[in-house]
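Undergrad:
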Amino acid sequence: MSATMPSTVADRAWRELHEAATAPYKKGGSFAWHFARGKLGRDPVFRGLLERGLIEVEHERVVDIGCGQGLFASLLASMSAMQKQGRWPSTWFPTAPRPAYTGIELMPKDVARAQASIGHLEPKPTLLCADMCSAELPDCDLVVILDVLHYVDLQAQEAVLVRVRDALRRGGNFRARLLLRVGDASSRRGFAISQWVDRTVTRIRGHKVSPTWGRPLSEWTALLESLGFRVRSMPMSEGTPFANVLLVADLEQNEAA
Ligand SMILES: C[S@@+](CC[C@H](N)C(=O)[O-])C[C@H]1O[C@@H](n2cnc3c(N)ncnc32)[C@H](O)[C@@H]1O
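Just so we're aligned: the sequence shown equals residues 1 to 257 in the working numbering.
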């Protein structure tokens with residue numbers, strides 16, 4: 001087999017999106033820039049969400065919990081720009097033209113990097129330095145929580161998910177959705193590797209390393225279903241040694257009505 005695979009329209013579009021979404025981080029300094037490039041390039045979740053059509057045109061109000069330096073906001077803005085310019089591959093689903101983004105992040109340094117890098121985007125993202133366990137969640141259509149809930153204990157995880165469900169319900173959108181990526185604690189090796197990498201990255205980002213809490217996939221699913229979500233799960237650690245799973249949790253239509 002040839003070492004270089006033919007580049008598809010989607011591959012080229014993804015490269016363009018990667019460039020556009022990471023460019024604002026040059027303003028945030030060397031760490032912000034390199035981190036954005038590496039994360040968006042290597043983590044399969046971002047392209048995975050896009051290509052599976054999990055971010056929909058009805059998702060106009062987006063809340064990103066544990067947003068770090070707000071990479072998802074930059075990605076959303078670049079996606080809108082590419083669609084406006086007619087440069088969106090026909091195989092990719094359309095997304096909202098001007099999504100309103102709220103990012104919630106505990107670490108002041110990350111919020112400062114986000115502000116310096118993407119604070120100028122249009123529409124202006126709301127970047128809140130706050131604890132997800134107590135932050136007020138605005139009414140919304142889509143909530144994204146990628147690799148965050150394991151930082152708080154099981155009871156606190158459930159309390160966050162209840163408040164997420166309520167914020168989506170108040171939003172009233174029949175396409176209301178939570179995209180939640182978690183580690184599957186029943187897959188011991190992958191879960192242990194992701195915990196080790198998580199601790200290492202936390203240290204590199206200059207933060208204190210605290211204990212973490214996981215659940216097996218079946219428990220995550222049962223918890224979300226008990227809160228009124230319809231849940232699909234899909235592996236989301238392609239090309240990495242982790243046991244990450246993406247839970248696509250749609251609020252039952254009669255619940256959101
Ligand atoms: C592994 S990073 C993931 C960042 C981002 N979601 C992404 O996928 O690029 C986890 C983030 O959650 C944040 N975090 C941890 N505990 C939090 C809390 N209680 N409230 C808000 N954010 C929190 C961390 O500071 C960190 O930025």
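Positions of the beta carbon are idealized from the N, C-alpha and C atoms, including for glycine. Quick caveat, the model's predicted, so the values are computed rather than measured.
(1) Give me the Cα-Cα distance between Val162 and Leu168, rounded to the nearest whole angstrom.
(2) Phe35 by DSSP, collapsed to three states: which one?
(3) Classify Glu19: buried if its beta carbon has 16 or more other beta carbons within 10 angstroms, exposed otherwise.
(4) State yes or no: is the C-beta of Ala32 within less than 8 Å of the C-beta of Ser117?
(5) Give me the Cα-Cα distance between Gly103 and Ser74, rounded to the nearest whole angstrom.
(6) Given a threshold of 16 other Cβ atoms within 10 Å of its Cβ, counted over all protein chains shown, does Gln85 qualify as buried or as exposed?
(7) Taking the alpha-carbon positions, what's the Thr8 to Met236 distance?
(8) Exposed or buried, Ala222, counting other C-beta atoms within 10 Å across all chains shown (16 or more means buried)?
(9) Under a CB-based cut-off of 8 Å, is Met82 close to chain B?
(10) Alpha carbon to alpha carbon, how far is Pro24 from Asp250? Give it in angstroms, no decimals.
(11) Among the candidates Leu128, Asp166, Arg87, Ser187, whose CA atom is the shortest distance from the CA of Asp64?
(12) I think Leu146 touches Val45, with their Cβ atoms under 8 Å apart; what is that distance to the nearest whole Å?
(13) At the level of alpha carbons, what is the spacing between Leu50 and Asp141?
(14) State the DSSP-derived secondary structure class of Met1, mapped to helix, strand or coil.
(15) According to DSSP, is Thr102 helix, strand or coil?
(16) Leaving aside the five residues before and after Leu246 along the sequence, list all residues of the same chain whose C-beta is less than 6 Å from its C-beta, in chain order.
(17) Considering only residues of the same chain and omitting the five flanking positions on each side of Ala243, which have a CB-CB separation below 6 Å?
(18) If I measure Cβ to Cβ from Gln83 and keep anything under 8 Å in the same chain, skipping five residues before and after, which residues do I get?
(19) Looking at Lys109 and Gly28, is the spacing between their C-beta atoms short of 8 Å?
(20) Check this for me: beta carbons of Val143 and Leu121, under 8 Å apart or not?
(21) I'd like the ranges of any alpha helix (DSSP H) spanning at least 4 consecutive residues and lying wholly in the stretch 67 to 95.
(22) With DSSP as the reference, identify every bridge partner of Val248, one or two as the case may be.
(23) Buried or exposed for His59, please, with buried defined as at least 16 other CB atoms from any protein chain shown within 10 angstroms of its CB.
(24) Taking 7 Å as the cut-off, is the CB of Ser218 close to at least one heavy atom of ligand 3?
TA: The answer reads as follows:
(1) 10 Å
(2) helix
(3) exposed
(4) yes
(5) 11 Å
(6) exposed
(7) 22 Å
(8) exposed
(9) Given the protein chain composition of this structure (a single chain), no chain B is represented.
(10) 32 Å
(11) Leu128
(12) 6 Å
(13) 16 Å
(14) Per-residue confidence for Met1 stands at a pLDDT of 36, beneath the threshold of 50, marking its modelled position as unreliable; no derived number is given.
(15) strand
(16) Arg181, Met234, Met236
(17) Gly183, Asp184, Ser187, Gly190, Phe191
(18) Pro94, Thr95, Pro97
(19) no
(20) no
(21) 71 to 84
(22) Leu179, Arg232
(23) buried
(24) Among the ligands present in this structure, namely ligand 1, ligand 3 is not found.
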